[in-house]
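Trainee: In the numbering used here, the protein residues as written are 837 to 1007. Could you have a look at this structure, given as structure tokens, before my questions?
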């Protein structure tokens, strides 16, 4: 696993079922809400501090995702992607990265084409069964409940920068 993770320069994430628990809440006015885990957000910020860019490829479109991405400083955001491979390939072209430099976290069959190409593919513990054979790593945590943080921590540790990134918390 270290070989797959050592060259990762971009972490791409699905949203529903990965960054959230997959629930979509609409109030009586039709306003959408999603629940994001603050620990996942902190993991994303630590990965960014280590020089790994983070992006989102989501099948749905939501203003909530735009807001969360802005809050976390995520500049690569593709939404309403029923074909996630097309934006993935566009991201590679734009960034100049190759497959081996990209990690992707997905939880459903729509994510499989990207998972099959990314240098490192992960899935939350509650991903659909069809996704699991395409993952190099399955988290212990469910989507929206720390799965992203688990991948971020693993990435930092396998790249040998965990101590450097976290040293300020132990002063």
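For glycine and all other residues, C-beta sits at the position ideal for the given N, C-alpha and C. What you are looking at is a predicted structure, and each value in this text was computed from that prediction instead of being measured.
For residue 893 and residue 920, what's the separation of their Cα atoms in angstroms?
Mentor: On the chain shown, residue 893 is found 57 positions in, with the first residue counted as 1. On the chain shown, residue 920 is found 84 positions in, with the first residue counted as 1. Taking the Cα positions, residue 893 is about 7 Å away from residue 920.
Trainee: If you follow the beta strand (DSSP E) that residue 959 is part of, which residue opens it and which one closes it?
Mentor: The residue you call residue 959 lines up with position 123 of the chain shown. It spans 956-959 - the beta strand (DSSP E) in which residue 959 sits, taken as one unbroken run.
Trainee: For residue 792 and residue 973, which I take to be in contact (beta-carbon distance under 8 Å), what is that distance rounded to the nearest angstrom?
Mentor: With the chain running from 837 to 1007 in the structure shown, residue 792 is simply not present.
Trainee: I'd like the span of the beta strand (DSSP E) that includes residue 913, first residue to last.
Mentor: The residue you call residue 913 lines up with position 77 of the chain shown. First-last of the beta strand (DSSP E) with residue 913: 912-914.
Trainee: Name the residue from 860, 843, 850 whose alpha carbon lies nearest to the alpha carbon of residue 984.
Mentor: To locate residue 984, count along the chain shown from 1; it is residue 148. For the residues 860, 843, 850, the minimum Cα distance to residue 984 belongs to 850.
Trainee: Quick check on residue 974: does DSSP put it in helix, strand or coil?
Mentor: On the chain shown, residue 974 is found 138 positions in, with the first residue counted as 1. Residue 974 falls in the strand class under three-state DSSP.
Trainee: Mind checking whether residue 954 and residue 967 have CB atoms under 7 Å apart?
Mentor: Working through the chain shown from its first residue, we reach residue 954 at position 118. Working through the chain shown from its first residue, we reach residue 967 at position 131. No. Outside cutoff.
Trainee: At 3 residues or longer, and completely inside the segment 876-942: list those beta strand (DSSP E) runs for me, N to C.
Mentor: 889-893, 912-914, 938-941
Trainee: Give the DSSP bridge partners of residue 869, in chain order.
Mentor: For the purposes of this step, residue 869 is taken as the residue at position 33 of the chain shown. According to DSSP, which records beta bridges pairwise, residue 869 is partnered with 861.
Trainee: Buried or exposed, going by whether 16 or more other CB atoms sit within 10 Å of the CB of residue 863?
Mentor: In the chain shown, residue 863 corresponds to position 27, counting from 1. Its Cβ having fewer than 16 others within 10 Å, residue 863 is exposed.
Trainee: To the nearest whole angstrom, what separates the beta carbons of residue 883 and residue 990, a pair I think is in contact under 8 Å?
Mentor: As a working note, residue 883 is residue 47 in the chain shown. As a working note, residue 990 is residue 154 in the chain shown. Going by Cβ atoms, the distance from residue 883 to residue 990 rounds to 10 Å, so no, they are not a contact pair.
Trainee: Of the residues 945, 980, 948, which one's Cα is nearest the Cα of residue 960?
Mentor: Here residue 960 refers to the residue found at position 124 when the chain shown is read from its first residue. Considering only alpha carbons, the answer is 980.
Trainee: Under the assumption that residue 888 contacts residue 927 (Cβ atoms under 8 Å), give the Cβ distance between them as a whole number of angstroms.
Mentor: As a position in the chain shown, residue 888 is number 52, starting the count at 1. As a position in the chain shown, residue 927 is number 91, starting the count at 1. Contact doesn't hold; Cβ gap of about 14 Å is too wide.
Trainee: Hey, how far is the Cα of residue 886 from the Cα of residue 964?
Mentor: As a first step, residue 886 must be located in the chain shown, where it is residue number 50. As a first step, residue 964 must be located in the chain shown, where it is residue number 128. Cα-Cα distance, rounded: 31 Å.
Trainee: I'd like to confirm the pairing. Which residues does DSSP put opposite residue 849 in its beta bridges?
Mentor: Here residue 849 refers to the residue found at position 13 of the chain shown. Note: residue 849 sits in a beta bridge opposite 892, 941.
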